[in-house]
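**Q** My questions all concern the structure below.
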Ligand SMILES: Cc1cc2nc3c(=O)[nH]c(=O)nc-3n(C[C@H](O)[C@H](O)[C@H](O)COP(=O)(O)O)c2cc1C
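Residue numbers (the working numbering): 19 to 165.
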């Protein structure tokens, strides 16, 4: 069975909430899933998983969530060839129309440069995350089914 890591960075808890829904979708689709805060995760651990699901909110008008910045920098130096990857996160298109959820695009770009394959389109959640829990769960289930 494919081993899936969900690693997230979250300042006010929204990405963390989404990560729980993504996990439940992955599990319902039969994936073996580990969920970790990026603050407790070393980039070397990525080697232990087949599928990498990154969750990251966008802050500072187009920047990664602060806990994710160093991890992302370090990640850009490690090979991810053969890994499958997907990225999700919340943002706010009303407040930040020019940088809505760009963290997702940045992480996808880096994962691809490192050799990973992006297996589903990134999940960009606009505004409140509670109404999007079903979408996040369905997104996780879609990943599991594609493995
Ligand atoms: C100061 C500030 C800057 C933000 N910048 C962006 C941004 O550039 N793009 C975006 O889509 N959302 C932006 N947001 C919205 C956050 O991404 C959103 O509140 C998200 O749900 C936070 O998730 P977290 O609690 O998991 O960190 C910003 C919010 C704040 C308060």
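Where a beta carbon is used, it is the ideal one built from N, C-alpha and C, also for glycine.
Sorry if obvious, but does the Cβ on residue 110 come closer than 8 Å to a heavy atom of ligand 1?
**A** Taking the first residue of the chain shown as position 1, residue 110 is located at position 92. Checking every heavy atom of ligand 1 against the Cβ of residue 110, one is found closer than 8 Å.
**Q** Given residue 103, which residues of its chain have a CB within under 6 Å of its CB, disregarding the five upstream and five downstream residues?
**A** Residue numbering aside, residue 103 sits at position 85 when the chain shown is read from its first letter. Closer than 6 Å at the Cβ level, and outside the excluded window around residue 103, lie 70, 129, 134, 136.
**Q** Please state if the CB of residue 120 and the CB of residue 109 are separated by a distance shorter than 9 Å.
**A** Counting from 1 along the chain shown, the entry for residue 109 is found at position 91. Counting from 1 along the chain shown, the entry for residue 120 is found at position 102. Going by C-beta atoms, residue 109 is nearer than 9 Å to residue 120.
**Q** Using a Cβ-based criterion (distance less than 8 Å to any ligand heavy atom), does residue 67 qualify as near ligand 1?
**A** Counted from its first residue, the chain shown places residue 67 at position 49. Proximity of the beta carbon of residue 67 to ligand 1 is not indicated: no heavy atom of the ligand is located closer than 8 Å.
**Q** Using 8 Å as the cut-off, can you tell me whether the stretch 41–55 makes contact with the stretch 77–84, which would need three or more C-beta pairs spanning the two stretches below that distance?
**A** With a cut-off of 8 Å, the stretch 77–84 and the stretch 41–55 do not count as touching, because too few Cβ pairs lie within range.
**Q** Can you tell me where the alpha helix (DSSP H) with residue 44 in it begins and where it stops?
**A** Position 26 of the chain shown, counting from 1, holds the residue named residue 44. Looking at the DSSP string, the run of the alpha helix (DSSP H) that includes residue 44 is 32–46.
**Q** Please work out which residues of its chain come closer than 7 Å, Cβ to Cβ, to residue 32, disregarding the five sequence neighbours upstream and downstream, and give them in chain order.
**A** Taking the first residue of the chain shown as 1, we reach residue 32 at position 14. So the qualifying residues of the chain are 75, 108, 147.
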